[in-house]
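Peer 1: Per our numbering, the sequence shown starts with residue 14, numbered consecutively.
For glycine and all other residues, C-beta sits at the position ideal for the given N, C-alpha and C.
Just so it is clear, the structure is predicted and the values come from calculations on it, not from any experiment.
Okay, handing you the structure first.
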Amino acid sequence: MTAKIGVLLLAGLISGPVLADNTGTTYAGLQYAKVSYEADYDIEADPTMVVGRLGHYLTDYFSVEGRVGLGLSDDDVTVDGHDANATAEIDHLIGAYAVGHLPVTQYVSIYALAGFAQIEGTLDTPYGSESDDDSGFSFGVGGEVNFFSPRFSGTLEYMSYLDKSDYEVSAISAGVSYQF
Numbered sequence: 014m015t016a017k018i019g020v021l022l023l024a025g026l027i028s029g030p031v032l033a034d035n036t037g038t039t040y041a042g043l044q045y046a047k048v049s050y051e052a053d054y055d056i057e058a059d060p061t062m063v064v065g066r067l068g069h070y071l072t073d074y075f076s077v078e079g080r081v082g083l084g085l086s087d088d089d090v091t092v093d094g095h096d097a098n099a100t101a102e103i104d105h106l107i108g109a110y111a112v113g114h115l116p117v118t119q120y121v122s123i124y125a126l127a128g129f130a131q132i133e134g135t136l137d138t139p140y141g142s143e144s145d146d147d148s149g150f151s152f153g154v155g156g157e158v159n160f161f162s163p164r165f166s167g168t169l170e171y172m173s174y175l176d177k178s179d180y181e182v183s184a185i186s187a188g189v190s191y192q193f
């Protein structure tokens, strides 16, 4: 809980006045995400997904962003380090976020985001398949580096998509973004 409050405070602080000119700019991006699912009893799986991002700067350093993710590959489920004869995959992700941006240099910036995510996943076993979904508070931090022009950039981020009492879904992502 302390980490969630810290991210919210950081998002608020870095959305304050700094030199830039992003107000009214819209951006779109695409990320490759390595997802980490960890549950009680040392149950783990690491499927992958692609995440599309669409955001709009309300002020120079504060934007709102929507995300849609689709599963790319499933992963073997392990229990206490042993193969559980099952696979897990992300079916889809939908999220909405408030994002605070802070330029570090002319080419590098960092950001923090907080919002809401809904995720659906599927577990396949020899006995059948079961899908389930859940939603809740979501937060993360990332960095952005401009390539070739101020409008095109690469991103690297960590997201905690869901952090429930008995499991957690998080991801490390890398991608590209374009401002228009």
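Which residue comes first and which comes last in the beta strand (DSSP E) that contains PHE152?
Peer 2: Working through the sequence shown from its first residue, we reach residue 152 at position 139. Here the beta strand (DSSP E) through PHE152 covers 141–159.
Peer 1: Any idea what DSSP makes of TYR180, helix, strand or coil?
Peer 2: Numbered from 1 along the sequence shown, position 167 holds the residue referred to as residue 180. Three-state result, TYR180: strand.
Peer 1: Quick check on this structure: which residue in MET62, GLY37 and GLY79 has the alpha carbon closest to the alpha carbon of ASP87?
Peer 2: Position 74 of the sequence shown, counted from the first residue, corresponds to residue 87. Residue MET62 is the option with its Cα nearest to ASP87.
Peer 1: With DSSP as the reference, label ASP55 as helix, strand or coil.
Peer 2: As a working note, residue 55 is residue 42 in the sequence shown. Reduced to three states, the DSSP call for ASP55 is helix.
Peer 1: Using C-beta distances below 6 Å, list every residue in its chain close to GLU143, excluding the 5 sequence neighbours before and after it, in chain order.
Peer 2: Translated into positions along the sequence shown, residue 143 becomes position 130. LEU136, listed in sequence order.
Peer 1: Going by CA-CA distance only, name the one from THR39, LYS47 and VAL158 that's closest to THR241.
Peer 2: Not covered by the structure: residue 241. The range shown for the chain is 14 to 193.
Peer 1: Apply the 10 Å Cβ neighbour rule to VAL81 and answer buried if 16 or more other Cβ atoms are within range, or exposed otherwise.
Peer 2: Position 68 of the sequence shown, counted from the first residue, corresponds to residue 81. So VAL81 counts as exposed.
Peer 1: Bridge partners for ALA127 per DSSP, in chain order?
Peer 2: Locating residue 127 in the sequence shown gives position 114, counting from the first residue. Answer is ALA111 and PHE152, bridged to ALA127.
Peer 1: Who does TYR45 pair with in a DSSP beta bridge?
Peer 2: The residue labelled residue 45 in the question sits at position 32 within the sequence shown. DSSP, once it has assigned bridges, lists VAL63 and ALA187 as partnering TYR45.
Peer 1: Between THR39 and the rest of its own chain, which residues show a CB-CB distance below 8 Å, the 5 nearest in sequence each way excluded?
Peer 2: As a first step, residue 39 must be located in the sequence shown, where it is residue number 26. The residues are LEU67, GLY68, HIS69, TYR70, GLN192 and PHE193.
Peer 1: So, is THR168 buried or exposed, given that buried needs 16 or more other C-beta atoms within 10 angstroms?
Peer 2: Along the sequence shown, one-based indexing puts residue 168 at 155. Buried, by the Cβ-count rule.
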